[in-house]
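Residue numbers (my numbering): 1 to 365. Cβ atoms here follow ideal geometry from the backbone N, Cα and C, with glycine treated the same way. First the structure, in the form of structure tokens, and then the observations on it.
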Amino acid sequence: MNVPVFNATRQYATLHEEMMAAAARVFESGKFVLGNETLHFEESFAKYIGTAHGIAVNSGTDALKIALAALGVGPGHEVITVTNTAVPTVSAIRERGAIPVFVDSDDYFGMDPNKLEGKITSNTKAIVAVHLYGQPVDIEAVMTVATRHEIPVVEDCAQTTGATYKGKTAGTFGAISCFSFYPTKNLGAYGDGGMILTSSEALAATCRKLRMYGMAKTYFADIEGYNSRMDEVQAAVLSVKLPHLDTWNGRRREIATRYLTEIQNPLITLPKLRPDSTHVFHLFVIRTKHRDALQKHLTEAGVGFGTHYAFPIHLQKAYEFLGYKAGDLPESEHAAQEVLSLPLFPELTDEEVMYVIAALNRFAA
């Protein structure tokens, strides 16, 4: 048996007719950018998460960049975030000319709030709190520190659409939140796509200008902006998928529960679940001190896997100029040497799940 780490075509097969109808509706309308499909999805998604305003953009990276711009982040400012994240989190900070400042992670792979305050300086302009792998960071503690210092928080929710923390949905805590609809995400488009959410009318208005050259009306730019608009086809596709998201997340949790209870191999450390949170398992990330051997074993068994993320951003060549060195963020660096992502998507069959579990339990370094 071969078990993929992810497969997009299975989901498409279950929604084929609805997808074709949605695409046809766009083509027949003759409106392909910032039309009714985008407006409908913005309103639906903001309501689903629990914010007042949604601004659909070209990607999750652009969502972060525009959110930071709306908060006034610019050249020379410092933005605090984590190093164990996807590069786009830091790319967005750098696109604004700002300097990323890294905080080490806790036992749940999230920003350690106890280490946050020591990173704040008079030049700190924002905090980007990354909800990683589908599990919220300890956002309440992050917000406490940020509020004390009057620093706005941007929630990077690219991997946690639908997750909750103490009964509130991830993306409703900070001044602004950013989502990705890259095809592998829990709510994935058939191309790139992103969303900015906020309950601030002023921030929403600024973000809408920024996504379209800084314009509030045609051909007149109030501020310098970008070209970052979700196209109508992606908005229509996402509107078809959104009503299914809770069911899909539920299936992810079912699979994750089986992994957590049935993988019983002392060479493998299973992920910890943060109390009072709902994990949506965008990724199921284990740890092992024998990753190379386990990767070889899984390859031979036909089980797909991923590594999210093998290289902490502060140690990557592109960011050498920041001056970090090995040992500066030990928890994140240690995790990067051990993490491995197992197959987990809603259409994974029970037979495939059982096969993955059996392969992991057979592993001997």
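Quick one: which unbroken beta strand (DSSP E) runs of 3-plus residues sit fully inside the region 318-358? Chain order, please.
-> 339-342
Given S228 as reference, the closest of M212, V237 and L238 once Cα atoms are compared | M212
In chain order, each alpha helix (DSSP H) run of at least 4 residues that lies wholly inside the region 99-176 | 139-149
Determine the burial state of Y259: buried for a count of at least 16 other Cβ atoms within 10 Å of its Cβ, exposed for fewer.
-> buried
Which residue comes first and which comes last in the alpha helix (DSSP H) that contains G74?
-> Unbroken run through G74: none, as it is neither H nor E.
Starting from A238, follow the alpha helix (DSSP H) in both directions and report where the run begins and ends.
-> A small correction: the amino acid at residue 238 is Leu; Ala does not occupy that position in the sequence shown. E232 to K241 is the extent of the alpha helix (DSSP H) around L238.
Give every residue of the same chain whose Cβ lies closer than 7 Å to the Cβ of V356, excluding the five residues on either side of it in the sequence, and list them in chain order.
-> V3, V303, L342 and P343
Rounded Cβ spacing between L238 and F41 (contact assumed at less than 8 Å) = 5 Å
Start and end residues, beta strand (DSSP E) containing I55 | H53 to V57
Which residue from Q316, T164 and A70 puts its Cα closest to that of P152?
-> A70
Straight-line gap, V339 to K217 (C-alpha atoms, nearest Å) = 48 Å
Sequence-distant residues of the same chain with beta carbon closer than 7 Å to I255, five excluded per side | L344, L348 and V353
Alpha carbon to alpha carbon, how far is Q316 from V137? Give it in angstroms, no decimals.
-> 24 Å
Would you kindly check if the distance between the Cβ of G50 and the Cβ of T247 is under 8 Å?
-> no
Candidates G162, R274, N58 and I313, of which the one nearest L242 by Cα = G162
How about the region 121-139 and the region 73-91: do they share at least three Cβ pairs that are nearer than 8 Å?
-> yes
Given a threshold of 16 other Cβ atoms within 10 Å of its Cβ, counted over all protein chains shown, does H149 qualify as buried or as exposed?
-> exposed
Return the bridge partner residues of N227 from the DSSP annotation.
-> M212
Are G193 and S44 closer than 8 Å when you measure CB to CB?
-> no
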